[in-house]
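Asker: The numbering used here puts the first residue of the sequence shown at 76, with every later residue one more than the last.
Below is one structure. I have some questions about it.
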Amino acid sequence: MTDTSHPSPHRARVSFVALLFGMTAAPIFWLGQLILGYSISAVACYGSDHPTTVASGVALRSAFFAFDAIAIMAALAGGIVSYSCWHAVKEEKAGGQHHAIDAGEGRARFMALWGLFSSLCFLIGIVFATIGSIEAPLCLR
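Set out below in structure tokens:
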């Protein structure tokens with residue numbers, strides 16, 4: 076009989092909710108930024124004869140800037156939470172990434188690292204979308 080241990084022995088050190096927040100905050104806010112930006116721009120650029128046309132470009136830019144700032148803060152918060160989770164479980168199992176992939180051990184460590192990766196990648200996307208919403212003209216007419 077073999078002596079097996081739990082594949083994630085330090086799972087009690089971090090909460091699943093913290094790991095989930097770290098992995099999903101940045102992608103969700105990036106998607107929200109994309110959908111909100113497209114929908115607000117579409118309404119603003121209907122044309123002058125449409126009743127829902129936004130009259131103030133300043134108000135529209137302010138709305139974009141506010142949501143862009145919130146999305147950046149959420150991505151940073153997800154990265155910080157993921158880093159603190161990773162710091163708590165980084166010594167969960169011996170071996171590097173190849174051992175973790177082959178043996179399937181260290182799930183909490185994997186989820187924390189995935190949250191760091193996800194937050195960083197989507198933060199870059201959010202920043203580029205923010206630059207676009209600041210620099211691009213509101214309507215291409």
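We put the CB at the ideal spot given by N, CA and C, even for glycine.
With contact counted as at least three CB pairs below 8 Å, one residue from each stretch, are the segment 157-165 and the segment 199-215 in contact?
Answerer: No, the segment 157-165 is not in contact with the segment 199-215.
Asker: Does DSSP put Glu210 in a helix, a strand or coil?
Answerer: Glu210: helix per DSSP, three-state reduction.
Asker: Within 10 angstroms of the Cβ of Val156, are there 16 or more other Cβ atoms? Answer buried if so, exposed if not.
Answerer: It is buried - the Cβ of Val156 has at least 16 other Cβ atoms within 10 Å.
Asker: Could you check which residue in Gly154, Leu109, Ala117 has the C-alpha nearest to that of Leu213?
Answerer: Checking every option, the nearest Cα to that of Leu213 belongs to Ala117.
Asker: In the DSSP assignment, the alpha helix (DSSP H) including Gly181 goes from what residue to what residue?
Answerer: Unbroken run through Gly181: none, as it is neither H nor E.
Asker: Do Leu94 and Ala152 have their C-beta atoms within less than 8 Å of each other?
Answerer: Not a contact, by the Cβ cut-off of 8 Å.
Asker: Tell me the rounded alpha-carbon separation between Asp78 and Ala100.
Answerer: Here Asp78 scores only 48 on pLDDT, less than 50, and its place in the model should not be relied on; the value that follows carries that caveat. Near 38 Å, if we compare the C-alpha coordinates of Ala100 and Asp78.
Asker: Can you tell which of Trp105, Leu188, Ile147 has the C-alpha that lies nearest to the C-alpha of Asp159?
Answerer: Note that residue 159 corresponds to Ser in the displayed sequence, not to Asp. It is Leu188.
Asker: Quick check: what's the CA-CA separation for Ala119 versus Ser90?
Answerer: If I take the Cα positions, the gap works out to 43 Å.
Asker: Determine the direct distance from the alpha carbon of Ala211 to that of Trp105, and round the result to whole angstroms.
Answerer: Looking at the two C-alpha atoms, the distance is approximately 18 Å.
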